[in-house]
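Written out below as structure tokens is the structure these notes cover.
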Amino acid sequence: MNFKTIDFSKFSSIRIGPIVDVAVIENDFIPEGHIIVGSANNLLVSPTPPPLMILSKEYDFIRIEENRLIIGAATPGGRVVSFCKKNDIAHFEYLSKLPGTIGGMLKMNAGLKEYEIFNHLIAIRTSKGWIPKEEVDYGYRNTSIRDVVFEASFHLEKGFSFERLEMFAQMRSNQPSDPSAGSCFKNPPGDYAGRLIEAVGLKGKRIGAMAFSEVHANFLVNTGGGRYEDALSLIREAQQRVKAQFGIDLQCEVVII
Numbered sequence: 133m134n135f136k137t138i139d140f141s142k143f144s145s146i147r148i149g150p151i152v153d154v155a156v157i158e159n160d161f162i163p164e165g166h167i168i169v170g171s172a173n174n175l176l177v178s179p180t181p182p183p184l185m186i187l188s189k190e191y192d193f194i195r196i197e198e199n200r201l202i203i204g205a206a207t208p209g210g211r212v213v214s215f216c217k218k219n220d221i222a223h224f225e226y227l228s229k230l231p232g233t234i235g236g237m238l239k240m241n242a243g244l245k246e247y248e249i250f251n252h253l254i255a256i257r258t259s260k261g262w263i264p265k266e267e268v269d270y271g272y273r274n275t276s277i278r279d280v281v282f283e284a285s286f287h288l289e290k291g292f293s294f295e296r297l298e299m300f301a302q303m304r305s306n307q308p309s310d311p312s313a314g315s316c317f318k319n320p321p322g323d324y325a326g327r328l329i330e331a332v333g334l335k336g337k338r339i340g341a342m343a344f345s346e347v348h349a350n351f352l353v354n355t356g357g358g359r360y361e362d363a364l365s366l367i368r369e370a371q372q373r374v375k376a377q378f379g380i381d382l383q384c385e386v387v388i389i
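Counting in this note's numbering, the sequence shown runs from 133 upward without gaps.
Right under this line is the structure:
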């Protein structure tokens, strides 16, 4: 089994974490007792994480097969958008504004508003073989996927939309540029996590180098040299304050390892 040394303070989008040797998944072999990290775009990694693993480059591919789009789980969203633009394929424009790889996006049913990755999914392939979408429970930013996804197949429809591409760019224009792990919390039904964080007075709140962004309160940002413990303190404070004032349990969208 091969290993790759990863410095999570450089590799993860929030720029926090230790330097660890991560197992590399090749030829569908999954080491036991390891947690998959993908491209670490919505991860907060502790100083002492459990054994971690990552997909090798063999899972970074896109191809058209019998009117279906087959995409490897290690393929970045941006690459999918470029492929769809070149081949005039519809429904993947929103990926231009979502960081990360297809595997991670599938696991959390990533999306923007009603545009979600499960909308045009046909099936995923894990160590159990091909599993049709109908056999996976999924909802808003959540799925029952627990196994490592190797690849997925999607419905292929013609008609890449530059109009939608522009719309998604506008939707994401209010996001902070500081390192973050994306949206910190899931939006509760009928409300917005950002509004709630702001309402309890935590917008711009800072502990050490970590803060809830002044630009968008639901983004936990690292202003430089942020620590895991400080990030965790802010997450817990937001959950406690929102629960106390509104009776709402804020669910983390950031995955804490």
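Every residue, glycine too, gets a C-beta built ideally from N, C-alpha and C.
All values reported here derive from a predicted model rather than from experimental measurement.
In the structure shown, the three-state DSSP call for A301 is helix. Taking a cut-off of 8 Å for Cβ pairs, the stretch 316–323 and the stretch 227–237 do not touch, as fewer than three such pairs fall below it. Annotation: the continuous beta strand (DSSP E) that includes A284 extends over E283 to H287. Taken in chain order, the whole beta strand (DSSP E) runs of length 3 or more contained in the stretch 192–280 are 194–197, 200–204, 253–258 and 261–264.
Approximately 27 Å separates the beta-carbon atoms of A301 and L176; this is outside 8 Å, ruling out the contact. Around the beta carbon of R147, 16 or more other beta carbons sit within 10 angstroms, so the residue counts as buried. N306 is positioned such that its CB atom lies no closer than 8 Å to that of T275. Following the DSSP letters along the chain, one finds K142 inside the alpha helix (DSSP H) bounded by residues F140 to F143. In the pairwise beta carbon analysis, the stretch 308–318 is classified as touching the stretch 333–353: at least three pairs are separated by under 8 Å. Under the three-state reduction of DSSP, R327 is assigned to helix.
Membership of A313 in the beta strand (DSSP E) is indicated by the continuous run S312 to S315. Counted as a single uninterrupted DSSP element, the stretch harbouring A172 is not any beta strand (DSSP E), since DSSP gives it neither H nor E. Taking C-beta atoms as the reference points, I254 and K265 count as a pair closer than 8 Å. With fewer than 16 other CB atoms across the displayed protein chains lying within 10 angstroms of its CB, N159 is exposed.
The DSSP-derived three-state label of F161 is strand.
Under the three-pair Cβ rule at 8 Å, the stretch 160–167 does not count as touching the stretch 373–383.
The Cβ neighbour count for E267, taken over all protein chains shown within 10 Å, is under 16; the residue is labelled exposed.
The beta-bridge partner set that DSSP reports for D153 consists of T137. Cβ neighbours of Q383 within its own chain (closer than 7 Å, five residues either side excluded): F317 and K318. Rounded to the nearest angstrom, the gap between the Cα atoms of N134 and G261 is 23 Å. With distances taken between CA atoms, M342 lies nearest to I367 out of A284, I367 and G333. Taking all protein chains in view, the Cβ of R195 is surrounded by fewer than 16 other Cβ atoms within 10 Å, so the residue is classified as exposed.
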